[in-house]
Amino acid sequence: MSGRRYLCLWLPFLPTDRLRPAAGEAPLSVPGATVQRVGNSAFLVALDRMARQRGLRSGMTLASAQAVCPDLTVLPHDPDGDRARLYELALWCDRFTPLVAVDGVDGLMLDTAGCDPLFETDTDSGEAVLIRQAREGLAALGFHASAALASTSGAAAALARYGGREEWHVAPDAKLSDVLSDLPVTALSAVEPGLDEDVFDGLVRVGLRRIGDLIGVPRAALAARFGLALASALDKALGQAPRPIAPRPIRPPYRVRLRFPDPIGDTPDIEAALRRLLDRLCRRLGDEGRGCRRLDWTLYRADRTEQSLTIGTARPARDPNRLFRLFAEKLKTVEPGYGVDSMLLAATGVEACTATQEDGIGAVTGYDRTALETAIDRLGNRLGADNVFRLAPVDSHLPDRAQTRTAVLPDKSAPWSKSGDRPLRLLNAPYPIEDLGGHSFRIFGRRTALRLLRGPERIAPEWWRKDAFWAGGARDYYDVEDETGRRFWIYSEAGNRPVRWYLHGLF
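Per UniProt numbering, the very first residue in the sequence shown carries number 1; after that it's consecutive.
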């Protein structure tokens, strides 16, 4: 064996785990699946554990699935989103090893050689602790993971996906063939994804059901009967042929450090040191065409204590003067104590930052964009980044889902829906109002005569989403006004008797 160790993290429910938070009020006790529309039909693609336990399978029509499981939560299938999320999780795994690769469409492969001593405790081996931390961390992010650690990436991939009810495995170097022997031959598809199902059917027909049944068969005979891919997959799983992984390229962290021959404590000295750090960091960001969205500045004191200050920006920035002004507002909180020995400045949020071209006489947009960005940055650092936002459109016909909070300065703007006039203010929850007859309603305890301006406009819930807020089904909305000219957005639930009325918005 090569002395290498590989940890495979298999995410069997990646599509549904990823989309579950976006399902809003859909409870986790309800089965879920993603669907893809083909013509006028919709088919199940990915299912969560509960949906599989209910007997649903990938490829079923949505109509058949809902007949078996009426409470099924349905979400749109998005393979590009799944892939992007998998790469984000690969970045998250950098805390365990810098060598992380994507394995298939639903797995991660970590080269952990030499890492296990860093996780070892008095009671548990480093590999056991590493697996536990990886699975618990992914669970905290909402992802179920099966894990396996072996001396070959092929064995780790096969054990993670076909290891049975045990959700994590550690395969010792010397017993790799013994550990793999009990796995079904279909486990080799995790090693060589291109293997055809007909190959496995042929193996079963001649009585070769387990990997252990194949180990003693000459490779030439296997290749002649079932193809080179099968023999190659077996050799890769056993470590007799290479199965290299392709880790993401390691980018040096965006951070600079400054050490002082003697501790410093005067404000001018601290400011000068910060400017030097910003100049060095921004120079590198400029060379690579990138900018920072978050900067962490840590001061290490002579008494072995430290203090950290953090700033954020609305858009990627690399102007040292602008960044210094954001830190300047927090300089009064710096407590040097017995003096500062060293400083570290790290850009923990880095994005692409391209230069903008203006005309020869300057911008003609009517405002100074740089000044606006600076103002937004200062507000965000004073009030908190989450408290400075704008509303952006969401592709939904439901009024309560048609907008969301987003960054004040977007990379690109999206058009707002033209489905009809909408109130300026939506209530958090519809407010029941009483129909008193004769176009009069009791609103907020007062009798109010209303005049119809527009309506009805029927709005139906999204068929793929189980939403308690829309449990009453389709609604008929009306734009009305009272005697003083105040406008209200009211609705009744279509088809429900007796008719109940609700106030949902104010114009």
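Don't be surprised by glycine CBs; every beta carbon is placed ideally from N, CA and C.
Computed from a predicted structure; not experimentally measured.
Residue(s) in a DSSP beta bridge with residue i
i	result
S200	Reading off the sequence shown, one finds Phe at residue 200, where the question assumed Ser. None, per the DSSP bridge assignment.
I490	Y478, L503
W168	A147
G137	According to DSSP, which records beta bridges pairwise, G137 is partnered with nothing at all.
F441	D435, T448
R458	D476
S342	R259, Y300
Y6	D111, A150
T267	Note: T267 sits in no beta bridge, so no partner.
D319	Partner(s): none; D319 has no beta bridge.
L309	W297
L278	DSSP output for L278 lists no bridge partner at all.
P393	Q403
G349	R294
Pair within 8 Å by beta-carbon distance, residue i and residue j
i	j	result
F398	E306	In the sequence under discussion, the amino acid at residue 398 is Leu, which differs from the Phe named in the question. No; because the gap between Cβ atoms is not below 8 Å, this pair is not in contact.
A158	A187	yes
L183	G107	no
L436	R442	yes
L426	D400	yes
A346	P253	yes
D319	T310	no
S189	E167	no
G334	L299	The sequence shown places Val at residue 334, not Gly. Yes, the Cβ-Cβ distance between V334 and L299 is below 8 Å.
P263	A302	yes
D116	M109	no
D71	V38	no
V204	L230	no
W489	F469	no
D82	R18	yes
R219	G154	no
P393	Y502	no
S151	D124	no
A63	L56	no
I131	L149	yes
T406	R390	yes
R322	P432	no
Residue i versus the options, residue with shortest Cα-Cα distance
i	options	result
D111	L427, L274, R5, G339	R5
R259	R454, V170, V340, R248	V340
A241	E192, R284, R205, A449	E192
R315	L195, S41, G349	G349
D476	H504, V199, R210	H504
L238	D124, E197, A171	A171
L212	F226, V199, S181, R225	The residue you asked about is not Leu; residue 212 is Gly in the sequence shown. Checked all of F226, V199, S181, R225; the closest Cα to G212 is S181.
T61	I215, L89, L44	L44
A128	M50, P31, L7	L7
V74	L47, G289, D269	L47
R210	D178, I433, L138	D178
L453	Q133, W470, R486	R486
K330	M343, S308, L56	S308
D78	V105, E271, A352, L138	V105
G126	Q66, T97, L138, S153	T97
V480	V499, G455, A134, R500	G455
G59	M50, A33, A84	A33
P76	P393, T448, T16	T16
V185	D287, D201, R500	D201
L141	D482, L222, W92	W92
Y162	L118, G438, A139, P12	P12
I245	G137, T404, V100, S440	V100
Y338	D80, F327, G216, R304	R304
A139	E457, R165, L89	L89
M343	R165, G3, I270	I270
L176	R52, G3, I433	G3
D196	L222, G227, A221	G227
T448	L214, E483, S232	E483
Y87	I215, A113, P247, L214	P247
Nearest-angstrom beta carbon gap, residue j and residue i [assumed within contact, 8 Å]
i	j	result
L234	F143	Going by Cβ atoms, the distance from L234 to F143 rounds to 30 Å, so no, they are not a contact pair.
L277	V256	5 Å
R290	C353	5 Å
E294	G312	For the sequence presented, residue 294 should be read as Arg rather than Glu. Contact holds; Cβ gap of about 5 Å.
A494	A471	The Cβ separation is near 13 Å, so there is no contact.
C292	A317	6 Å
V68	R54	7 Å
Residue-level contact to chain D via CB, residue i, 8 Å cutoff
i	result
G32	The chain inventory of the structure shown lacks chain D, comprising one protein chain alone.
Counting only runs of 4+ residues fully inside the segment 180–249, write out the alpha helix (DSSP H) ranges in chain order.
188–191, 197–205, 211–215, 219–226, 228–238
Alpha helix (DSSP H) runs contained entirely in the segment 33–90, provided each spans 4 or more residues:
49–53, 62–68
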